[in-house]
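Note sheet for the following structure.
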DNA sequence: GTCTATAGGTGGATAGAC
DNA sequence: GTCTATCCACCTATAGAC
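Residue numbers (this note's numbering), protein chains in the order written: chain A, 1 to 199; chain B, 1 to 199.
Right, dumping it as C-alpha cells:
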C-alpha cells in the first residue's frame with residue numbers, strides 16, 4: 001500500500017483506459033499499456049492477475065460513469081420530467097462515451113471479456129435497470145403512464161432508446177447525418193413512445 | 001472455370017461460413033478454414049485475394065438470407081398484415097440466424113471487416129430498409145398508420161425491433177428467459193408501437 | 001517491483017518447388 | 001493449383017536476475 005506502488009497501478013489503469021477508448025476493448029494489449037505507462041510488459045502482472053482482470057477494472061469504470069449520468073435525472077422536479085431526463089441522460093452518455101456504451105450494451109454475450117454490473121444473471125436486476133423501473137413506477141403512480149407491468153414497460157422503453165442509439169453508433173442510420181439531427185430524432189421518438197404509454 | 005476449381009472454392013466458402021457461424025467473424029482464421037477444407041493455408045490465396053475478401057462473401061450470404069426472410073412478408077393479404085408479418089420475419093431471422101444478425105446489424109462501425117449491403121453510405125437506402133419504408137407507405141395509404149415522414153416512421157419501427165432483438169442477443173434481457181417468452185414480449189411490444197402510430 | 005529474456009502460441013501473407 | 005517452408009508481426013504469460 002505504498003504510494004509509489006499505487007501510482008504505477010494508477011498509471012497502468014489510465015493508460016489502459018486511454019488505449020481502450022482509442023481502439024476498443026478487443027484490441028487492447030498489455031504490451032501497449034505497459035509501453036504507455038513506461039514500464040515493461042512483465043510489470044503489469046505485479047498489479048493485475050491477467051489481461052482480463054485489467055480490462056474488468058477499465059470497463060467497470062465505464063459502468064460507473066453510466067450510472068453517474070443516470071443519477072442526474074433525479075434533479076428534475078416531477079416523475080414525468082425525471083423520465084424524460086432519464087432518456088436525455090441516456091443519450092448523452094451514449095454520445096459522449098460511445099466506447100463504453102458499446103462494451104456495456106453491445107458486447108458479445110460469449111465474448112472473451114466478462115463484464116461487471118449489467119450481467120448479473122441471477123434473478124435480481126442490475127441497479128441501473130432497477131433505476132429505470134423505479135422511474136416507470138413513479139410515473140404510473142402519478143398517472144403519467146398507464147398502470148401495468150413496470151418491468152415490461154421499462155424493458156420496452158430501454159429497448160426503444162437502445163435501438164436508436166445502437167443503430168446510430170453502428171453507423172446504420174445513414175439518413176441521420178450528425179449528432180444534432182440524431183438528437184432531434186431521438187427526442188421526437190421518445191416523446192411519441194411516452195405518449196403511447198399514457199393512461 | 002473448371003468444375004474442380006470451383007468445387008474447392010465452394011468448399012472453402014462453406015467451411016468459412018460454418019466456422020463463422022460457430023465462432024463469429026472476429027475469430028475466423030484462414031488456417032482453420034483451410035484445415036476444414038482439406039487444403040493448405042496457402043491454397044486459400046488462389047481463390048480469394050485475402051481474408052477480408054473471403055469474409056465479405058460469407059457475410060454477403062447472411063445478408064441474402066435476411067432479405068429472403070423479409071420478402072416472405074409480401075405473402076400477407078393487407079398492408080397491416082404485411083407490416084406485422086414484416087416484424088415477425090425480422091424476429092425469425094434474428095432468432096434463427098443470430099451470428100448473421102450480429103454481423104449485419106451489431107458490428108463495429110470501424111471494424112476490420114467492411115460489409116456489404118446495409119452499409120452503403122451514399123444517399124440511397126439499402127434495399128431492405130427501402131422495403132420497410134414501402135410497407136410503412138402502404139400502411140399510410142391504407143390509413144393504418146398516420147400520415148407523416150415514412151422514412152422517420154420506418155426508422156422508429158426498425159429501432160424498436162432492433163433494440164429488443166439486440167438486447168436479447170446480448171443476453172441483457174435476463175428477465176426474459178427463453179425464446180417463447182421473448183417472442184411474446186416482442187409481439188406485445190410491436191402491437192403497442194403500431195397502435196401508437198395509428199391515425 | 002521492475003527488469004530482460006524467453007517460452008509458446010496465434011495469425012496473415014508470400015516464395016518457390018512441383 | 002496445390003504444396004511445403006518460411007517470414008513477420010503480434011500477443012499472453014512466466015522465470016529468474018537484480
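Using N, Cα and C, we set each Cβ at its ideal position, and we do this for glycine too.
All figures in this text were calculated on a predicted structure; none of them were measured in a lab.
Contact check, residue i vs residue j, beta carbons under 8 Å
i: residue 29/A; j: residue 15/A; result: no
i: residue 70/A; j: residue 8/A; result: no
i: residue 83/B; j: residue 194/B; result: yes
i: residue 76/B; j: residue 89/B; result: no
i: residue 20/A; j: residue 99/A; result: yes
i: residue 138/A; j: residue 199/A; result: no
i: residue 148/A; j: residue 103/A; result: no
i: residue 44/B; j: residue 33/B; result: yes
i: residue 86/A; j: residue 132/A; result: yes
i: residue 167/B; j: residue 159/A; result: yes
i: residue 151/B; j: residue 95/B; result: no
i: residue 25/A; j: residue 59/A; result: yes
i: residue 13/B; j: residue 52/B; result: no
i: residue 189/A; j: residue 156/B; result: yes
i: residue 197/B; j: residue 142/B; result: no
i: residue 101/B; j: residue 165/B; result: yes
i: residue 136/B; j: residue 153/B; result: yes
i: residue 274/A; j: residue 169/A; result: Absent from the structure is residue 274/A, since the part of chain A shown begins at 1 and ends at 199.
i: residue 163/A; j: residue 171/B; result: no
The alpha helix (DSSP H) enclosing residue i, as first and last residue numbers
i: residue 100/B; result: 98 to 105
i: residue 43/A; result: First-last for residue 43/A: undefined, no H or E at that position.
Handout entry: Length at least 4, wholly inside the stretch 68 to 96 of chain B: the alpha helix (DSSP H) runs in chain order
Key = Listed in chain order, they are 79 to 96.
Problem - Entirely enclosed alpha helix (DSSP H) segments - the stretch 139 to 178 of chain B, minimum 4 residues - result: Whole alpha helix (DSSP H) segments, 4+ residues: 150 to 169.
Exercise for the section: Taking only beta carbons into account, state which residues of the stretch 136 to 159 of chain B come closer than 8 Å to chain A, listed in chain order. Expected result: Under the 8 Å Cβ criterion, the stretch 136 to 159 of chain B contributes 151, 152, 155, 156, 158 and 159.
Exercise for the section: Report the residues of the stretch 91 to 108 of chain A with a CB closer than 8 Å to any CB of chain B, ordered along the chain. Expected result: Of all residues in the stretch 91 to 108 of chain A, only 102, 105, 106, 107 and 108 place a beta-carbon less than 8 Å from a beta-carbon of chain B.
Exercise for the section: Scan the stretch 175 to 193 of chain B for residues whose Cβ lies nearer than 8 Å to a Cβ of chain A and list them as they occur along the chain. Expected result: Of all residues in the stretch 175 to 193 of chain B, only 175, 176, 185, 188, 189, 192 and 193 come within less than 8 Å of chain A when Cβ atoms are compared, listed by chain position.
Exercise for the section: Scan the stretch 43 to 71 of chain B for residues whose Cβ lies nearer than 7 Å to a Cβ of chain A and list them as they occur along the chain. Expected result: The stretch 43 to 71 of chain B vs chain A, Cβ under 7 Å: nothing.
Exercise for the section: Anything in the stretch 163 to 174 of chain B with a Cβ closer than 8 Å to a Cβ of chain A? List those residues in chain order, please. Expected result: Result list: 163, 164, 166, 167, 169, 170, 171, 172, 173 and 174.
Handout entry: Cβ-based contacts, 9 Å cut-off: residues of the stretch 14 to 31 of chain A near chain B
Key = Within the stretch 14 to 31 of chain A, the residues whose Cβ lies closer than 9 Å to some Cβ of chain B are 24 and 26, listed in chain order.
Practice task
Tell me the start and end of each unbroken alpha helix (DSSP H) in the stretch 9 to 64 of chain A that is at least 4 residues and wholly inside, in chain order.
Solution key: Segments of the alpha helix (DSSP H) lying fully in the stretch 9 to 64 of chain A: 30 to 37.
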